[in-house]
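Just below is one structure, and these are the notes that go with it.
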Amino acid sequence: MKIVKDTTAEQVIFTLIGKLDTNTAPELEKEINGLKTEQLHKLIFDITELSYVSSAGLRIILMSHKKMLGLQGQFTIMHPTPMVEEVFEMTGFSDILDIIK
Numbered sequence: 011m012k013i014v015k016d017t018t019a020e021q022v023i024f025t026l027i028g029k030l031d032t033n034t035a036p037e038l039e040k041e042i043n044g045l046k047t048e049q050l051h052k053l054i055f056d057i058t059e060l061s062y063v064s065s066a067g068l069r070i071i072l073m074s075h076k077k078m079l080g081l082q083g084q085f086t087i088m089h090p091t092p093m094v095e096e097v098f099e100m101t102g103f104s105d106i107l108d109i110i111k
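Each residue of the sequence shown is one higher than the one before, counting from 11 in our numbering.
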C-alpha cells in the first residue's frame with residue numbers, strides 16, 4: 011500500500027492506494043500515532059484507490075475514528091470503492107463513520 015499524507019495546520023488527509031491489510035496496517039497505524047494532535051480538527055482518509063480492506067485495516071479505521079472523537083474532531087472517509095463500501099456496510103461501519111461517496 012502507498013500512503014500519501016497532506017498536512018495543514020488543522021487537518022491531515024491520508025490518500026491510501028492499494029490494499030489495507032495485515033501487512034500494511036501497521037504502517038498506517040504508525041503514521042496515525044505520529045500525528046501532532048494539538049491543533050488537529052480533521053482527519054480524512056481518501057480511499058478512492060483502496061482496492062481492499064481487511065479486519066486489520068478496519069481496526070485502524072476504527073482506531074482513527076475513536077482518536078478523533080477523543081479530540082472532539084472530525085474523521086471522514088472519502089470516495090470508497092464499491093468493494094470497500096460493501097465491507098463498511100456489512101460490518102456496520104457505514105452507520106458510525108462519516109463517509110463521503
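Yeah, the Cβ is synthetic: ideal placement off N, Cα and C, and Gly gets one too. All of these numbers come straight from a predicted model, not from anything done at the bench.
Listed in chain order, the beta strand (DSSP E) runs fully inside the stretch 50–104 are 52–63 and 84–88, counting runs of at least 3 residues.
The Cβ-Cβ distance between M78 and L53 falls below 8 Å. Looking at the backbone, the Cα of E99 and that of L30 are separated by about 17 Å. If the five residues before and after V97 are omitted, its C-beta is found closer than 8 Å to the C-beta atoms of V63, L68 and F103, all from its own chain and listed in chain order. Per DSSP, L107 lies in no beta strand (DSSP E) segment and is marked neither H nor E.
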